[in-house]
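Heads up: the sequence shown begins at 3 in the working numbering, then just goes up one per residue. Glycine included, each C-beta is placed from N, C-alpha and C at the ideal position. As the structure is a prediction and not an experimental result, all values here were calculated from the model. For reference, the structure discussed in these notes is given below.
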Amino acid sequence: MMQQTFDLRLATLAERYRTGKTTPRSVLADIRQRAQALNPEFRLFIHILSEEEQEPFLAALDDLSPAVLPLYGVPFAIKDNIDLAEIVTTAACPAFAYRADQSATIVAQLIALGAVPVGKTNLDQFATGLNGTRSPYGRCRNSYHAEYPSGGSSAGSALAVALGVASFSLGTDTAGSGRVPAGLNNLV
3 MMQQTFDLRL
13 ATLAERYRTG
23 KTTPRSVLAD
33 IRQRAQALNP
43 EFRLFIHILS
53 EEEQEPFLAA
63 LDDLSPAVLP
73 LYGVPFAIKD
83 NIDLAEIVTT
93 AACPAFAYRA
103 DQSATIVAQL
113 IALGAVPVGK
123 TNLDQFATGL
133 NGTRSPYGRC
143 RNSYHAEYPS
153 GGSSAGSALA
163 VALGVASFSL
173 GTDTAGSGRV
183 PAGLNNLV
């Protein structure tokens, strides 16, 4: 059975921020705790950003109004073959791991629009696979049925949205490796 999720729709978050019902710092703290609790079972993240790693992104929002940035405080996940500056990228291959000097263009653009990264998601190694089981970081479990595959290669990216720890997630799609996990986890 699918886990209970937070309402992370963009319009809902924007309204809650605008009316002062919550803050990005509070939302991201709750999400970080939820992601850490879900990860041992679902293996959706290779790396969840710590409070210290998220702080620069949150601090950048402190003096801004939610009306200024279209993605103000919106939590998003990044497939671990896409770079986030100062965070290790592995492509699910520990021997390949490197610390990125700069963020991928799309990541930098999303952050500039106010989005806040949650973490780097699990994937079939080197983004080659359609079932979400080819990772040394563990098999990604389906969000609805434990015995079903999550799909891949963007398994963790689909799970992050399906399990309510990201409003959206970056993935890649080669021969369906973004669409398959989205479909198998009831996102499309």
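- DSSP, read as helix, strand or coil, puts L172 in strand.
- S105 is classed as buried because its beta carbon has at least 16 other beta carbons within 10 Å across all chains shown.
- Within the region 99-165, the complete alpha helix (DSSP H) segments at least 4 residues long are 107-114 and 157-164, listed from N- to C-terminus.
- Here Y19 is buried, its C-beta having at least 16 other C-beta atoms within 10 Å.
- In the DSSP annotation of this structure, the continuous segment of the beta strand (DSSP E) that includes A79 starts and ends at P77 to K81.
- Judged by DSSP secondary structure, I33 falls within the alpha helix (DSSP H) whose first and last residues are P26 to F44.
- In this structure, the CA atom of V120 is about 17 Å from the CA atom of A93.
- In this chain, the alpha helix (DSSP H) harbouring P183 covers R181 to L186.
- Assignment of beta-bridge partners to I50 by DSSP yields G121.
- With at least 16 other beta carbons inside 10 angstroms of its own, R45 counts as buried.
- Rounded to the nearest whole angstrom, the C-alpha separation of G154 and R27 is 31 Å.
- Linking I33 to V167 through their CA atoms gives a straight-line distance of about 5 Å.
- If you ignore the 5 residues before and after I108, its C-beta comes within less than 6 Å of no other C-beta in its own chain.
- Judged by beta-carbon spacing, R36 lies within the 9 Å limit of L165, meaning their Cβ atoms are closer than that value.
- A contact between stretches requires three or more CB pairs, one per stretch, nearer than 8 Å, and the region 47-63 meets this requirement with the region 110-129.
- For T14, the secondary structure class from DSSP, reduced to helix, strand or coil, is helix.
- Our two residues, R136 and A157, have alpha carbons roughly 10 Å apart in a direct line.
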